[in-house]
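Chains as they are written, first to last, in my numbering: chain A, 7 to 81; chain B, 108 to 257. In what follows, a structure is listed as structure tokens, so that the remarks can point back to it.
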Amino acid sequence: MSLLKFKLGAIMIGICLLSSCSSIGVKPWERDLLAKKSMQPNPYPLETAADEHTYFSKEGSSGGKGFGGGGCGCN
Amino acid sequence: MLKPVLKLMLVSAFLVSHALFANTLDLNAYKGKVVYIDFWASWCGPCRQSFPWMKNLHETKAKDGLVIIGVNVDQDQKLANAFIDEFMPDFKIIFDPAGALASEFKVAGMPSAYIIDRSGKPRFKHIGYHADKREQYEQEIQTLLNEKSN
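This is how it looks when you write it as structure tokens:
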């Protein structure tokens, strides 16, 4: 009986902890902050694309960033 | 000797409190009028369409008892001022950079408009501004304007 109560208590606590995730994210009126350059995961997309192509080309045998396989012909 | 000091203290207390509470919204002051509260921001695209429409509304319906209040939620005051300089609204603008009013009204999208009737009861809520729904918005406002205040 006490094990059941313990399990029930643990489940309830787990549910309560999950509810704290409900305030994640910005409010609709705060979206201007998200649009700032400093908030972007990739603020310089063209430079990043050029860098990635360089790594992809250089690391021909390993496929560079992300996938395996390659060799010079694929780049 | 003490009287002018007391006077000065009272005046400064009044000014400070007025400054502190200048950006709050007291709907009781507008009882008997239809209030259109619009939450806007400089970064909000549809607001660029809604502002000329609201200006026109203010000019034509203010005499019938319509009060328009624009609540700005910009975090950067300079951007809000630039928007105001561009559109030159003649209705009341309140600044709510902390989002306290927006939270209170539970703003679900930008822009949002709330229409309060003459007795202070919220009657309509619009999430977003759509130019093709202007007639609907105007009809709702006119309905409330036609209602007599109690």
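Every residue, glycine too, gets a C-beta built ideally from N, C-alpha and C. None of these values were measured; they are calculated from a predicted model.
Local conformation of residue i per DSSP, three classes
| i | result |
| --- | --- |
| K199 (chain B) | strand |
| A147 (chain B) | Sequence check: residue 147 (chain B) is Trp here, not Ala. W147 (chain B) falls in the strand class under three-state DSSP. |
| Y50 (chain A) | coil |
| K33 (chain A) | coil |
| L173 (chain B) | strand |
| R225 (chain B) | coil |
| F194 (chain B) | helix |
| F231 (chain B) | strand |
C-beta neighbour in chain A for residue i, strict 8 angstroms
| i | result |
| --- | --- |
| D145 (chain B) | no |
| A187 (chain B) | no |
| H125 (chain B) | With a pLDDT of only 45 at H125 (chain B), under the threshold of 50, the placement of this residue in the model should not be trusted; the figure read from the coordinates follows. With 8 angstroms as the cut-off, H125 (chain B) does not count as an interface residue toward chain A. |
Contacts that residue i makes with chain B (C-beta to C-beta distance below 9 angstroms)
| i | result |
| --- | --- |
| L39 (chain A) | Q182 |
Partner residues on chain A for residue i, Cβ-Cβ distance less than 9 angstroms
| i | result |
| --- | --- |
| M217 (chain B) | P34, W35, R37 |
| A220 (chain B) | None at all; the shortest Cβ gap to chain A is about 13 angstroms. |
Under 7 angstroms by beta carbon: chain A residues contacting residue i
| i | result |
| --- | --- |
| W150 (chain B) | D38, A41 |
Between the stretch 203 to 217 of chain B and chain A, which residues of the former have a C-beta closer than 9 angstroms to a C-beta of the latter?
D203, G206, A209, S210, V214, A215, G216, M217
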